[in-house]
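Visitor: Structure provided below as structure tokens; questions to follow.
Protein chains: 4
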Amino acid sequence: MTHAIGSRRWAIADGYIPSSSASDDPELASHESACILNTGDTPAKVEITLFFSDREPAGPYRLAVAARRTVHLRFNDLDDPERVPRETPYASLIESDMPIVVQQTRLDSRQPPHALLSTIAYCQE
Amino acid sequence: MTHAIGSRRWAIADGYIPSSSASDDPELASHESACILNTGDTPAKVEITLFFSDREPAGPYRLAVAARRTVHLRFNDLDDPERVPRETPYASLIESDMPIVVQQTRLDSRQPPHALLSTIAYCQE
Amino acid sequence: MTHAIGSRRWAIADGYIPSSSASDDPELASHESACILNTGDTPAKVEITLFFSDREPAGPYRLAVAARRTVHLRFNDLDDPERVPRETPYASLIESDMPIVVQQTRLDSRQPPHALLSTIAYCQE
Amino acid sequence: MTHAIGSRRWAIADGYIPSSSASDDPELASHESACILNTGDTPAKVEITLFFSDREPAGPYRLAVAARRTVHLRFNDLDDPERVPRETPYASLIESDMPIVVQQTRLDSRQPPHALLSTIAYCQE
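Chains as they are written, first to last, in this note's numbering: chain V, 1 to 125; chain C, 126 to 250; chain B, 251 to 375; chain F, 376 to 500.
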């Protein structure tokens, strides 16, 4: 490995966690993920800030991504400093002290079967 | 927060609003969104121009995105200076006086259940 | 309008036209599109080259995108110099003499209801 | 053709191969692909490294993409030096000695009909 790939600042503009799921399988529950890759040899300290349409931002949510690891984080699971509201438009800013790569994926199972969307997030140093 | 993330000029090439929806739930109505994030401390004035295959562009459509807020704008709801035609290919140019991040998402519920697509839009200063 | 947004060289790596469609509605037939936006005041001359896994490239396919217009081109409709094979992995290089924006979208209706995918293409001058 | 389009280093943060498929059709089996395009006149030597949440990376997986060809690689088919685990979050780093373009696509057919996601991967020299 030469140097870590990625950027230290990422944004996802379309955040939305559906409120219901047609399936009881946890893998098929409606959820939204920020998949984070750290290819480097140094752990990355990551902070996530959530933005809304009608209130001040929430966060920072803090997590670590170890060296040479990926974390597929579900926004559904965030609860410190507060839970992410369901059925509520939001957006996120993801900042790291080391280069990382971020991809957003949503699984929407309000109606069976589920629908998927995914995109590499927007980055800018 | 250091400086706002984003760009002042964005484009979405594949615009299309399906004409029908299999569901009566407004959340599941066929729609297309431009999700806009303003992480900065200054409100952003945004202008959207729509392009078509066989006529001159429409717009500008004007909106504001307040400081530290996100707007998940449905193209379906635009009506000033004119409504966005359904079942008609279009594209959009989104210009702002402040850095913003733009992501396009379409929910297509012509047939139940719905399908989703999403991508970070193209940006260039 | 100041200057046109976009790039002159674009690529889509995942090309694939499903062979069948569960619907008789032409809008819901399985298809793959390159949506091209020309925001400038000069018509764009566009050339598309198709790449395959086991043969030399096909093309160029030529089209024009008028000033301030979008073309949502279906790969299904290309037939000069040759038709695009179905159920066959391909990729495309899209070159223009003027700046354009390119987005790929696939509607796959082999099984009802349809699935969608979309991404802004890759660009590099 | 002037010069090859693309980059030598690409990353996909959201890797996941569903464990089951509702269809017996191999085309509709759940799978994840890295679609690689080499528009240049020189063969590209490609190495893929896989990252996980709780173990050291796997690989490199080696493949060649001939001049003026595309390879739509299924992660499902990789088995040297080891098989890609199912139902397990992973991410990938794709490095090449020549410029290439990489796009990720997943077909998820755990429930019929299938869902699709796709995005141009992240690149950085």
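Quick reminder that beta carbons are idealized off the backbone N, C-alpha and C, glycines included.
Ends of the beta strand (DSSP E) at F51(V)?
Guide: As a working mapping, residue 51(V) is identified with position 51 in the first sequence. Unbroken beta strand (DSSP E) run through F51(V): A44 to F52.
Visitor: Looking at chain C, is there any beta carbon in it that lies within less than 8 Å of the beta carbon of E27(V)?
Guide: Your numbering for residue 27(V) matches position 27 in the first sequence. No, because no Cβ of chain C sits closer than 8 Å to the Cβ of E27(V).
Visitor: Let me know the secondary structure DSSP gives E27(V) once reduced to three states.
Guide: To locate residue 27(V), count along the first sequence from 1; it is residue 27. In the structure shown, E27(V) sits in a helix (DSSP, three-state: H, G or I).
Visitor: Cα-Cα, which of N163(C), P182(C) and S145(C) is closest to R211(C)?
Guide: Stepping through the second sequence from its first residue, residue 211(C) is reached at position 86. Considering only alpha carbons, the answer is S145(C).
Visitor: Check for me: the beta strand (DSSP E) holding R62(V) runs from which residue to which?
Guide: The residue given as residue 62(V) occupies position 62 in the first sequence. Start and end: A58 to V65.
Visitor: Helix, strand or coil: how does DSSP classify D202(C) here?
Guide: For the purposes of this step, residue 202(C) is taken as residue 77 along the second sequence, with counting starting at 1. Correct three-state label for D202(C): helix.
Visitor: Determine the direct distance from the alpha carbon of A91(V) to that of W385(F), and round the result to whole angstroms.
Guide: Within the fourth sequence, numbered from 1, the residue matching residue 385(F) stands at position 10. Within the first sequence, numbered from 1, the residue matching residue 91(V) stands at position 91. The alpha-carbon atoms of W385(F) and A91(V) are separated by roughly 25 Å.
Visitor: Are the Cβ atoms of A298(B) and A138(C) separated by less than 8 Å?
Guide: Mapped onto the third sequence, residue 298(B) falls at position 48. Mapped onto the second sequence, residue 138(C) falls at position 13. One point to set straight first is that residue 298(B) is Ile, not Ala, in the sequence displayed. No, they are not a contact pair.
Visitor: Three or more C-beta pairs under 8 Å: does that hold for the stretch 176-190 of chain C against the stretch 306-324 of chain B?
Guide: The stretch 176-190 of chain C is in contact with the stretch 306-324 of chain B.
Visitor: Locate the beta strand (DSSP E) running through Q479(F), then write down its first and last residues.
Guide: For the purposes of this step, residue 479(F) is identified with residue 104 of the fourth sequence, where counting begins at 1. Run containing Q479(F): Y465 to D483, per the beta strand (DSSP E) assignment.
Visitor: Grab me the residues of T289(B)'s own chain with a C-beta within less than 6 Å of its C-beta, minus the 5 sequence neighbours each way, in chain order.
Guide: If you number the third sequence from 1, residue 289(B) lands on position 39. Taken in chain order, the residues that qualify are A254 and I255.
Visitor: If I follow the unbroken beta strand (DSSP E) through R134(C), where does it start and stop?
Guide: Here residue 134(C) refers to the residue found at position 9 when the second sequence is read from its first residue. Per DSSP, R134(C) belongs to the beta strand (DSSP E) from S132 to G140.
Visitor: Using a cut-off of 8 Å between C-beta atoms, extract the partners of T119(V) located in chain B.
Guide: Here the question's residue 119(V) lines up with position 119 in the first sequence. Within chain B, the residues near T119(V) are T369.
Visitor: Taking the C-alpha atoms as reference points, what is the distance between M126(C) and Y497(F)?
Guide: Taking the first residue of the second sequence as position 1, residue 126(C) is located at position 1. Taking the first residue of the fourth sequence as position 1, residue 497(F) is located at position 122. For M126(C), the predicted structure reports a pLDDT of 49, less than 50, and the residue's modelled location is therefore unreliable. The matter cannot be settled from this model.
Visitor: Relative to the alpha-carbon of S382(F), which residue among M473(F), L492(F), P435(F) and A409(F) has its alpha-carbon at the smallest distance?
Guide: Numbered from 1 along the fourth sequence, position 7 holds the residue referred to as residue 382(F). Of the candidates M473(F), L492(F), P435(F) and A409(F), the one whose C-alpha sits nearest the C-alpha of S382(F) is M473(F).
Visitor: In three-state terms, what does DSSP make of R336(B)?
Guide: By one-based count along the third sequence, residue 336(B) stands at place 86. In this structure, R336(B) counts as coil in the three-state DSSP scheme.
Visitor: Given a cut-off of 8 Å, decide if L491(F) and D275(B) are closer than it, judged by their beta-carbon atoms.
Guide: Position 25 of the third sequence, counted from the first residue, corresponds to residue 275(B). Position 116 of the fourth sequence, counted from the first residue, corresponds to residue 491(F). Contact: no.
Visitor: Taking all protein chains shown into account, do 16 or more other C-beta atoms lie within 10 angstroms of the C-beta of A64(V), making it buried, or fewer, making it exposed?
Guide: Your numbering for residue 64(V) matches position 64 in the first sequence. When all chains shown are included, A64(V) counts as exposed.
Visitor: Return yes when the Cβ of P89(V) is within less than 8 Å of the Cβ of P238(C), no when it is not.
Guide: By 1-based counting over the second sequence, the position of residue 238(C) is 113. By 1-based counting over the first sequence, the position of residue 89(V) is 89. Not a contact, by the Cβ cut-off of 8 Å.
Visitor: Using a beta-carbon distance cut-off of less than 7 Å, what residues from the stretch 439-473 of chain F approach chain B?
Guide: Residues R443, R444, T445, V446 and H447.
Visitor: Bridge partners of T70(V), per DSSP?
Guide: The residue you call residue 70(V) lines up with position 70 of the first sequence. L37(V), per the DSSP bridge assignment.
Visitor: Counting along the chain, where does the beta strand (DSSP E) carrying S20(V) start and finish?
Guide: Here the question's residue 20(V) lines up with position 20 in the first sequence. It is not in any beta strand (DSSP E) - S20(V) carries neither H nor E in the DSSP assignment.
Visitor: Give the residues of chain V in contact with H239(C), contact being defined as C-beta atoms less than 7 Å apart.
Guide: The count along the second sequence starts at 1 and reaches residue 239(C) at position 114. Ordered by position in chain V, the residues that pass the 7 Å Cβ test against H239(C) are Q111 and A115.
Visitor: Can you name, in chain order, every residue of its own chain whose Cβ lies under 7 Å from the Cβ of I370(B), other than the five neighbours on each side?
Guide: In the third sequence, counting from the first residue as 1, residue 370(B) sits at position 120. Cβ neighbours of I370(B) beyond the five flanking positions: Q353.
Visitor: Just reading off the beta strand (DSSP E) that A115(V) is part of, what are its end residues?
Guide: As a working note, residue 115(V) is residue 115 in the first sequence. Start and end: A115 to I120.
Visitor: Could you tell me whether the Cβ of E181(C) comes closer than 8 Å to any Cβ of chain B?
Guide: As a first step, residue 181(C) is located in the second sequence; it is residue number 56 there, counting from the start. With 8 Å as the cut-off, E181(C) counts as an interface residue toward chain B.
Visitor: Based on Cα-Cα distance, which residue from I475(F), R458(F) and D455(F) lies nearest to A419(F)?
Guide: To locate residue 419(F), count along the fourth sequence from 1; it is residue 44. Residue I475(F) is the option with its Cα nearest to A419(F).
Visitor: State yes or no: is the C-beta of S405(F) within less than 8 Å of the C-beta of R485(F)?
Guide: One-based indexing of the fourth sequence puts residue 405(F) at position 30. One-based indexing of the fourth sequence puts residue 485(F) at position 110. A contact, by the Cβ cut-off of 8 Å.
Visitor: In whole angstroms, what separates the C-alpha of V171(C) from that of P206(C)?
Guide: Reading the second sequence from its first residue, position 46 is the one you call residue 171(C). Reading the second sequence from its first residue, position 81 is the one you call residue 206(C). For V171(C) and P206(C), the distance between alpha carbons rounds to 15 Å.
Visitor: Would you tell me roughly how many angstroms separate the C-alpha atoms of N326(B) and G59(V), rounded to the nearest one?
Guide: On the third sequence, position 76 is the one that residue 326(B) refers to. On the first sequence, position 59 is the one that residue 59(V) refers to. Going from the Cα of N326(B) to the Cα of G59(V) covers about 47 Å.
Visitor: Please check the pair E407(F) and R458(F), which I expect to be a contact at CB under 8 Å, by giving their CB distance rounded to whole angstroms.
Guide: Taking the fourth sequence and counting its residues from 1, the one referred to as residue 407(F) is at position 32. Taking the fourth sequence and counting its residues from 1, the one referred to as residue 458(F) is at position 83. No, E407(F) and R458(F) are not in contact; Cβ-Cβ is about 13 Å, not under 8 Å.
Visitor: Look at the alpha carbon of T292(B) and the alpha carbon of L323(B), and state the distance between them as a whole number of angstroms.
Guide: Walking along the third sequence from the start, residue 292(B) turns up at place 42. Walking along the third sequence from the start, residue 323(B) turns up at place 73. Taking the straight line joining both Cα atoms gives about 19 Å.
Visitor: Between which residues of its own chain and P307(B) is the CB-CB distance below 7 Å, once the five residues before and five after are set aside?
Guide: Within the third sequence, numbered from 1, the residue matching residue 307(B) stands at position 57. Excluding positions up to five away in sequence, the list reads T299, L300 and F301.
Visitor: Which of helix, strand or coil does DSSP assign to E500(F)?
Guide: Here the question's residue 500(F) lines up with position 125 in the fourth sequence. Correct three-state label for E500(F): coil.
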